[in-house]
Every structure is written in structure tokens, then in C-alpha cells.
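J.:
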Amino acid sequence: MKNKVISLLLAVVLVVTAAGLTAVSTFAAGTSLTVTKVSEDDSTVTVAVGISGNSGVAALGVNLNYDSSYLQYKGVSSAGVASDAGMAAFGSSSGDNVRIIIDESNTGEGTKKDGTVCTVTFSKLSSVKDGTSASFGA
Numbered sequence: 005m006k007n008k009v010i011s012l013l014l015a016v017v018l019v020v021t022a023a024g025l026t027a028v029s030t031f032a033a034g035t036s037l038t039v040t041k042v043s044e045d046d047s048t049v050t051v052a053v054g055i056s057g058n059s060g061v062a063a064l065g066v067n068l069n070y071d072s073s074y075l076q077y078k079g080v081s082s083a084g085v086a087s088d089a090g091m092a093a094f095g096s097s098s099g100d101n102v103r104i105i106i107d108e109s110n111t112g113e114g115t116k117k118d119g120t121v122c123t124v125t126f127s128k129l130s131s132v133k134d135g136t137s138a139s140f141g142a
């Protein structure tokens, strides 16, 4: 069976939220987030959200937009530098958007390291055709 590949563009709106998620702030100059495909099989696609130029975060909010006619949100997991720092990831989807919160609630320190902060998994829907390609962007 041919490997099904998704045709979509993940438009990512990324914001950092203050601890307690009460106010939206911006990253320090030079800090950026990326979205890259990690794995894909006949039924799922997994992407990773990464941070670079990190001057320190204790909480992070990410809005990940996707084409719900091809994908269904399945879940999010803390990963890499966020997982190493004891940060947890939570996700909630609505329409073509997944709102992801990565929060440090154990030590109050967060992380100042660069690397992956979470992975997000989607199921492929039956509308996906064989042979189409994927495009991921931030």
C-alpha cells in the first residue's frame, strides 16, 4: 500500500504567554519557534515545535493552524528541553486550530535551553490522496 502523504500548509501563530496565562508578551529579540515534521505513516503525522535563541520561558502558548479536511488532532506531548525541565503540554482543538499550552508547574524555573518543546500528532482522514506532498512552516 502506498504511503499517504498530506497536502497542507501548517500556518503557525506562536505567542509566548506570561506565567499564569494572563497576558500575552513577545519573545526576546532573536528568539524564534519552528514547526517540523518528525514522522509520518499511513495513518498519522507528527510534528515538533522547537525554540531557538531562548532567553528563558516558564510558560508558552502556541496556536497551530491546520487543514481539518485532511487532518484530525490527536494529542500533544511535552518533549525535549521542555520535558527535561519538567514542563507539561496540554492541547485543545477547535476547527482548524490547536491551542497548545506548555507550562512549568513543578519547580518554577522553566527552561533557557534551545530545542524541541512539544510534539503534536494528527490522524490522516480518508480525504488524503496517495502521492500528494506536505509542507510545514512557521
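Add 4 to a position in the sequence shown, counting from 1, and you land on the number used in this note's numbering. Glycine included, every Cβ here is placed at the ideal spot set by N, Cα and C.
Taking the DSSP output, what are the residues bridged to Gly99?
T.: The sequence position of residue 99 within the sequence shown is 95, counting from 1. BP columns for Gly99 are empty, so no partner.
J.: What residue range is occupied by the uninterrupted beta strand (DSSP E) comprising Val80?
T.: As a working note, residue 80 is residue 76 in the sequence shown. Per DSSP, Val80 belongs to the beta strand (DSSP E) from Leu75 to Ser82.
J.: Quickly, what does DSSP pair Leu37 with across the bridge? List them, please.
T.: On the sequence shown, residue 37 is found 33 positions in, with the first residue counted as 1. In DSSP, Leu37 forms a bridge with Ile55.
J.: Output needed for Thr40: all residues of its chain with C-beta closer than 8 angstroms, excluding positions within five of it in sequence on either side, in chain order.
T.: Numbered from its first residue, the sequence shown carries residue 40 at position 36. These residues qualify, in order along the chain: Val51, Ala52, Gly54 and Phe140.
J.: Can you find a CB in chain D that lies within less than 8 angstroms of the CB of Ala63?
T.: Annotation note: the requested chain D is absent from the structure, which comprises a single protein chain.
J.: Go to Leu64, then tell me how far its beta strand (DSSP E) extends in each direction, as first and last residue.
T.: What you label residue 64 is simply residue 60 of the sequence shown in a count that begins at 1. Its beta strand (DSSP E) spans residues Ala63 to Asn69.
J.: Helix, strand or coil: which one does DSSP assign to Ser109?
T.: For the purposes of this step, residue 109 is identified with residue 105 of the sequence shown, where counting begins at 1. In the structure shown, Ser109 sits in coil (DSSP, three-state: anything other than H, G, I, E or B).
J.: Have a look at Gly84 and Gly95 and give me their C-alpha separation to the nearest angstrom.
T.: Along the sequence shown, read from residue 1 onward, the residue named residue 84 stands at position 80. Along the sequence shown, read from residue 1 onward, the residue named residue 95 stands at position 91. So the two alpha carbons sit approximately 17 angstroms from each other.
J.: Taking a contact to mean a Cβ-Cβ separation below 8 angstroms, would you say Asp71 touches Asp118 in this structure?
T.: In the sequence shown, counting from the first residue as 1, residue 71 sits at position 67. In the sequence shown, counting from the first residue as 1, residue 118 sits at position 114. Not closer than 8 angstroms, so no.
J.: Closest to Gly65 by CA distance: which of Ile104, Ala89, Lys133 and Lys128 is it?
T.: As a first step, residue 65 must be located in the sequence shown, where it is residue number 61. Looking at the Cα atoms, Ile104 is the closest of the given residues.
J.: Buried or exposed for Gly57, please, with buried defined as at least 16 other CB atoms from any protein chain shown within 10 angstroms of its CB.
T.: As a first step, residue 57 is located in the sequence shown; it is residue number 53 there, counting from the start. Its Cβ having fewer than 16 others within 10 Å, Gly57 is exposed.
J.: Taking DSSP as the reference, what is the three-state secondary structure of Ser127?
T.: Here residue 127 refers to the residue found at position 123 when the sequence shown is read from its first residue. DSSP places Ser127 in strand when its eight states are reduced to three.
J.: Which residues share a DSSP beta bridge with Ser43?
T.: In the sequence shown, counting from the first residue as 1, residue 43 sits at position 39. BP columns for Ser43 point to Thr50.
J.: Roughly how many angstroms lie between the CA atoms of Ser130 and Ala86, to the nearest whole one?
T.: Taking the first residue of the sequence shown as 1, we reach residue 130 at position 126. Taking the first residue of the sequence shown as 1, we reach residue 86 at position 82. Their Cα atoms are separated by approximately 33 angstroms.
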